[in-house]
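K.L.:
Chains A and B are the protein sequences, given in the same order. Take the first sequence: its letter number 60 is residue 59 in numbering that gives the first Met the number 0, and every next letter is one higher. Take the second sequence: its letter number 124 is residue 123 in numbering that gives the first Met the number 0, and every next letter is one higher.
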Amino acid sequence: MKLSLTVNGTRRELDVPANALLVDVIREHLGLTGTHVGCDTSQCGACTVHLDGRAVKSCTVLAGQAEGAEVVTIEGIGRADELHPMQAAFREHHALQCGFCTPGMIMAAIDLVGRCDDLDRRTVREGLEGNLCRCTGYHNIVDAVLAAAPVMAGGADHG
Amino acid sequence: MAEAVAGSGIGASVRRKEDLRFITGRGRYTDDISVPGQAYAVFLRSPHARARIVSIDTAEAAAVPGVLAVLTGREMAADGLGDLPCGWLVKQSDGSDMVSAPHPPLAHDVVNYVGEPYGLVVAEDLATAWRAAELVVTEFEERPAVVDPALAMESEAIHDDVARNLAYQWVLGDQAATEAALASAAHVTRLDLVNNRLIPNAMEPRAALGIHDAGTGEHVLYTTSQNPHLERLVLSAFVRLAPEHKLRVVAPDVGGGFGSKIPVYAEETAVLWAARRVGRPVKWKAERSESFLADAHGRDHVTHAELGLDEDGRFVALKVHTTANLGAYLSLFGSSVPTYLYGTLMAGQYKTPNIFVQVHGVYTNTAPVDAYRGAGRPEATYVVERIVETAARELGRDPAELRRLNLIRPEDFPYETPVALVYDTGNYEASLDAALALIDYGGFPERKAAAARRGKRRGIGFACYIEACGLAPSKLAIQLGAGVGLYESGEIRVNPTGNVTVFTGSHSHGQGHETTFAQVVAERFGIGIDDVEVVHGDTGRVEFGLGTYGSRSLAVGGSALVRAADKVVEKGRRIAAHMLEADVTDVEFADGRFIVRDSNQSLSFGEVAFAAYVPANYPDDLEPGLSEKAFYDPENFTFPAGTHIAEVEVDEETGAVELVDFVAVDDFGQVINPMIVHGQVHGGVAQGVGQALLERGLYDEFGQLQTGSYMDYCIPRADDLPDFRVDTTVTPCTHNPLGVKGCGEAGAIGAPAAVMNAVTDALGVADLPMPATAEKVWRALRG
Chain A
0 MKLSLTVNGT
10 RRELDVPANA
20 LLVDVIREHL
30 GLTGTHVGCD
40 TSQCGACTVH
50 LDGRAVKSCT
60 VLAGQAEGAE
70 VVTIEGIGRA
80 DELHPMQAAF
90 REHHALQCGF
100 CTPGMIMAAI
110 DLVGRCDDLD
120 RRTVREGLEG
130 NLCRCTGYHN
140 IVDAVLAAAP
150 VMAGGADHG
Chain B
0 MAEAVAGSGI
10 GASVRRKEDL
20 RFITGRGRYT
30 DDISVPGQAY
40 AVFLRSPHAR
50 ARIVSIDTAE
60 AAAVPGVLAV
70 LTGREMAADG
80 LGDLPCGWLV
90 KQSDGSDMVS
100 APHPPLAHDV
110 VNYVGEPYGL
120 VVAEDLATAW
130 RAAELVVTEF
140 EERPAVVDPA
150 LAMESEAIHD
160 DVARNLAYQW
170 VLGDQAATEA
180 ALASAAHVTR
190 LDLVNNRLIP
200 NAMEPRAALG
210 IHDAGTGEHV
220 LYTTSQNPHL
230 ERLVLSAFVR
240 LAPEHKLRVV
250 APDVGGGFGS
260 KIPVYAEETA
270 VLWAARRVGR
280 PVKWKAERSE
290 SFLADAHGRD
300 HVTHAELGLD
310 EDGRFVALKV
320 HTTANLGAYL
330 SLFGSSVPTY
340 LYGTLMAGQY
350 KTPNIFVQVH
360 GVYTNTAPVD
370 AYRGAGRPEA
380 TYVVERIVET
390 AARELGRDPA
400 ELRRLNLIRP
410 EDFPYETPVA
420 LVYDTGNYEA
430 SLDAALALID
440 YGGFPERKAA
450 AARRGKRRGI
460 GFACYIEACG
470 LAPSKLAIQL
480 GAGVGLYESG
490 EIRVNPTGNV
500 TVFTGSHSHG
510 QGHETTFAQV
520 VAERFGIGID
530 DVEVVHGDTG
540 RVEFGLGTYG
550 SRSLAVGGSA
560 LVRAADKVVE
570 KGRRIAAHML
580 EADVTDVEFA
590 DGRFIVRDSN
600 QSLSFGEVAF
610 AAYVPANYPD
620 DLEPGLSEKA
630 FYDPENFTFP
640 AGTHIAEVEV
650 DEETGAVELV
660 DFVAVDDFGQ
670 VINPMIVHGQ
680 VHGGVAQGVG
690 QALLERGLYD
700 EFGQLQTGSY
710 MDYCIPRADD
720 LPDFRVDTTV
730 TPCTHNPLGV
740 KGCGEAGAIG
750 APAAVMNAVT
760 DALGVADLPM
770 PATAEKVWRA
780 LRG
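In structure tokens:
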């Protein structure tokens, strides 16, 4: 199946199996291994990416559904020398340990901040309940999201 | 309380060096690694809890285009591969050895739990491998499964040579003295407890990539391991897969372990064997449903305990009998968890003079049970702290004050317990008092009354836990049955330009060693932490190591680095003395400079490093180079301890339990990086709360796993948990050079007892089996 989509700002033309999932395209065909697969029931959220500006679990999207779409992965939101405010906040607040859930958590958190005003600790917890972390107990993730929110609101558009 | 320290030295909350790659998606986990020509494996797994394999017809599967091989356990056995060993030989009460049933990596004659692998399909791509696996026709002859550990000893024997399904009967302590003290006690509290089976669930599923080079005979295994050198040793010495010098095991970034990545598993063994058979690299990554079925599980105890108290409330005796479910086979350290890591902790923080522990370790047709965060110590804490709390309620005593009365006092150290440990140091009352202040214990009645007005029952629960960490003095461990020493290695290579590469046998899978270990080394040499690179997880780069578990990395691995650093400084002093024409005894090293005492002469660390590699002006009797290593074997365990207090509110209408407050005051000895330590506590508490309120690995009576996905097995989500309030007290460990004790498991050890003490307090019941789900609580509320 021919697939045409934009990933992290670059137009890609691919030939993929008709039953391929978006996460397979991202990991296997494009080699963007920052997006992870942690379960097989769409529960863990490690595969979260942005599809046309909204967070989706890319294990639950058929590649064909992304035809013509804009996809942004963890590799597309910031660089080591120019971190997205959410990436910087995760580091500053020790919101990650093993790092496996982190890309999906950051992508979900950016989406959450983008669509909700006046987040508090409770709403951040509820907003991230679709992303599992086994290391941090979430406490520092909540700190990081609340610290990033005003920076994102006041800063440049990072996608 | 620990003071905040600025900068990057010991005591500073340095932001983690490893984070940059993780937050930008540049982590390198096993499944992220691909090599040219790589094929894919899918495992054939038993659908039955107990069956004989009558026949396996692989013809149709093998004929699928793209299939490279269909391999079974029978072929693996025919190739001469050995069994997966249990690494800790437990001695039974009569002095005989435990009974260890053969554990072939791939089953060949019988299968003994649902999900047990008995073969694999290797194909050009994953989809083909899955499709072909469906076409393998296996005929099984089912047998009745043994599932309930409490009934295992009366059930049909699972393994031919294991009578009553009993791996061992193990005892510790003085039975006669304990029973006599109980008989004459003023009060005896009795409690029956179940410690629920847990499924660890590191977020990265297990994975492996096996590579064989037929030209050199070299084998490379990338795998999700907490202890790659131990894995290499097992695969060489026991499984006989490849000689040790022809086998490199790499555990790259590993996405959490919590004990479940300690054992050497069938799958990584099989992919490396298959790579050699097929002549292609072979990769496997677990589906999460495979993780649930075939990762080692944790806990699963059935216990009866009795605590005797005198008229004043002093503990006079504790007697514990536990049946521990070991699963279908003895996993790598499965035998040691309910014995040496459990029975030895029954003194807790208390001066109980008489203790007797008896453990029956039984086989069942369930997944093997091994270490899961805390490994034996959460189970011990659960027994001690639940029965102490229950005794306080029965006697109408304040639970905090009953504990205080029985605490080992600072002046009692070193304190030898009746269960084989010598606690080196501690100040348990300090952490108890700090936790009481943090939770505002005096304000609890008011909070309880306020909750009642909202239709909620509020309860408070304590856990004053202790753990034995820093595993372990090698001679003692080997004497008790360990198959390996439990020292750790560290190597420091000072490069000619003065920066430093550190090699450690510890393995970081979230703990932040790349930062903490760098802080330790940087401070010793007076250099910046960015000038220190920490290398771990590769037997091709690091000489040897025992890996990371039991909160041992800093206490043992960090201490090895301190010893290696001392050797670097010693050699540097000799080089500097020669260059500065001074007597070596007059050369000191401080703040990154070698200084001649009472002079203005000095050399920087970097200048001495350069001289070591460009030895123009150099001592005749000294080898060039500045690279030193050390193996550190601890003198004793370390004994982290603390007080955790939970407050819960129970909704009387729905039975829902909300954890509304949790405080943890822990004594981990010296703290290198408070930010990382607090993070470890948060994560441990979350897992402990998960055990208490949400998680249970459940098999039905046929041995089918009923909790095989995240839709059935509930690990805590962000909105299940409150903020945590954590602090530390500090009594430095007396026998390692850093004064550290270990912090990785404390949360998971203290939290279950604290939360369940709070839930039972709120409900006014003696016990409720974990997890305290809304349904169970609702029923309890209605008697």
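Just so it is clear, CB atoms sit at the ideal spot from N, CA and C, and this is done for glycine as well. In this text, all values refer to a predicted model and were calculated from it rather than measured experimentally.
Considering only residues of the same chain and omitting the five flanking positions on each side of A:Val-144, which have a CB-CB separation below 6 angstroms?
P.N.:
Ala-108, Val-123
K.L.:
Against chain A, does B:Tyr-39 count as a neighbour if the rule is that its beta carbon must be under 8 angstroms from one of theirs?
P.N.:
The beta-carbon of B:Tyr-39 is placed no less than 8 angstroms from the nearest beta-carbon of chain A.
K.L.:
Buried or exposed for B:Met-0, please, with buried defined as at least 16 other CB atoms from any protein chain shown within 10 angstroms of its CB.
P.N.:
Confidence is the limiting factor: at B:Met-0 the pLDDT is only 41, short of 50, which leaves the residue's position unreliable and the question unanswerable from this model.
K.L.:
So for B:Gln-679, helix, strand or coil by DSSP?
P.N.:
helix
K.L.:
At a Cβ cut of 8 angstroms, what residues of the stretch 56-83 of chain A count as close to chain B, listed as they run along the chain?
P.N.:
Correct list: Thr-72, Ile-73, Glu-74, Gly-77, Arg-78, Ala-79, Leu-82.
K.L.:
Grab me the residues of B:Gly-504's own chain with a C-beta within less than 8 angstroms of its C-beta, minus the 5 sequence neighbours each way, in chain order.
P.N.:
So the list reads His-228, Glu-487, Ser-488, Gly-489, His-535, Val-541, Glu-542, Phe-543, Gly-544, Leu-545, Gly-546, Gly-556, Ala-559, once near-sequence residues are dropped.
K.L.:
Which chain B residues sit within Cβ distance under 7 angstroms of A:Asn-139?
P.N.:
Scanning chain B for C-beta atoms nearer than 7 angstroms to the C-beta of A:Asn-139 yields Gly-678, His-681, reported in chain order.
K.L.:
Quick one: give me the first and last residue of the beta strand (DSSP E) that B:Ala-789 is part of.
P.N.:
What is shown of chain B runs 0 to 782, which leaves residue 789 of chain B out entirely.
K.L.:
Considering only C-alpha positions, which residue in the set B:Val-595, B:Ala-563, B:Thr-23, B:Ala-185 is nearest to B:Val-586?
P.N.:
B:Val-595
K.L.:
What's the C-alpha gap between A:Leu-171 and B:Gly-24?
P.N.:
This structure cannot settle anything about residue 171 of chain A, because the visible part of chain A is limited to 0 through 158.
K.L.:
How far does the alpha helix (DSSP H) with A:Val-123 in it reach, from first residue to last?
P.N.:
Where A:Val-123 is concerned, the enclosing alpha helix (DSSP H) stretches over 120-126.
K.L.:
Provide the residue span of the beta strand (DSSP E) that contains B:Gly-307, from first to last.
P.N.:
300-308
K.L.:
Can you list, in chain order, the residues of its chain whose CB lies under 8 angstroms from that of B:Ala-156, leaving out five sequence neighbours each side?
P.N.:
Ala-162, Arg-163, Asn-164
K.L.:
What residues from chain B crowd round A:Gly-136, counting only those whose CB sits closer than 7 angstroms?
P.N.:
A:Gly-136 reaches chain B at His-681, Gly-682, Val-684, Ala-685, Leu-720, Phe-723, counting residues in chain order whose Cβ is nearer than 7 angstroms.
K.L.:
Cα separation between B:Gly-763 and B:Val-41?
P.N.:
Each residue's Cα considered, the two are about 51 angstroms apart.
K.L.:
So for B:Arg-724, helix, strand or coil by DSSP?
P.N.:
strand
K.L.:
With a threshold of 7 angstroms (Cβ to nearest heavy atom), would B:Val-387 be considered close to the ligand FMN?
P.N.:
The ligand FMN is absent from the structure shown, which contains no ligands of any kind.
K.L.:
Looking at the secondary structure, which residues open and close the beta strand (DSSP E) in which B:Leu-192 lies?
P.N.:
From DSSP, the beta strand (DSSP E) with B:Leu-192 extends over 186-194.
K.L.:
Can you tell me the Cα-Cα spacing of A:Asp-156 and A:Gly-136, whole angstroms?
P.N.:
Confidence at A:Asp-156 is low in this model, with a pLDDT of 48, below 50, so the placement of that residue should be treated as unreliable; the coordinate-derived value is given next. Between A:Asp-156 and A:Gly-136, the C-alpha separation is close to 30 angstroms.
K.L.:
Any Cβ of chain A within less than 8 angstroms of the Cβ of B:Met-75?
P.N.:
no
K.L.:
Starting from A:Leu-95 and walking both ways along the beta strand (DSSP E), at which residues does that stretch end?
P.N.:
Looking at the DSSP string, A:Leu-95 is not in any beta strand (DSSP E), and its letter there is neither H nor E.
K.L.:
Taking 8 angstroms as the threshold, find out whether the stretch 12-22 of chain B comes into contact with the stretch 191-205 of chain B through three or more Cβ pairs.
P.N.:
With the cut-off at 8 angstroms, the stretch 12-22 of chain B and the stretch 191-205 of chain B do not touch.
K.L.:
What did DSSP end up calling A:Cys-58 once you bin it into helix, strand or coil?
P.N.:
helix
K.L.:
Report all residues from its chain with a CB closer than 6 angstroms to the CB of B:Gly-480; omit the five preceding and five following residues, and keep chain order.
P.N.:
Trp-87, Leu-88, Val-89
K.L.:
Mind checking which residues open and close the beta strand (DSSP E) that includes B:Phe-701?
P.N.:
Segment: none, B:Phe-701 is in no beta strand (DSSP E) and carries neither H nor E.
K.L.:
To which residues of the same chain is B:Ala-58 closer than 6 angstroms at the C-beta, ignoring the five residues directly before and after it?
P.N.:
none
K.L.:
List the residues of chain A whose Cβ lies closer than 9 angstroms to the Cβ of B:Val-519, in chain order.
P.N.:
Those do not exist, as B:Val-519 stays about 18 angstroms from chain A at its closest Cβ, beyond 9 angstroms.
K.L.:
Which residue from B:Asp-590, B:Thr-416, B:Tyr-414, B:Ala-391 puts its Cα closest to that of B:Leu-404?
P.N.:
Checked all of B:Asp-590, B:Thr-416, B:Tyr-414, B:Ala-391; the closest Cα to B:Leu-404 is B:Ala-391.
K.L.:
Please state the DSSP three-state secondary structure of B:Tyr-440.
P.N.:
helix
K.L.:
Report yes or no: is there a C-beta of chain B within less than 8 angstroms of the C-beta of A:Ile-105?
P.N.:
yes
K.L.:
Are the CB atoms of B:Leu-401 and B:Leu-553 within a distance shorter than 8 angstroms?
P.N.:
no
K.L.:
How far does the beta strand (DSSP E) with B:Asn-324 in it extend, from its first residue to its last?
P.N.:
314-326
K.L.:
So with Cβ pairs under 8 angstroms, would you call A:Gly-153 a contact of chain B?
P.N.:
no
K.L.:
In whole angstroms, what separates the C-alpha of B:Leu-80 from that of B:Ile-261?
P.N.:
C-alpha separation (whole angstroms): 21 angstroms.
K.L.:
What residue range is occupied by the uninterrupted beta strand (DSSP E) comprising B:Pro-116?
P.N.:
116-122 is the extent of the beta strand (DSSP E) around B:Pro-116.
K.L.:
Starting from the beta carbon of A:Asp-39, find every residue of chain B whose beta carbon is closer than 8 angstroms, and list them in chain order.
P.N.:
Glu-286, Arg-287, Ser-288, Ser-708
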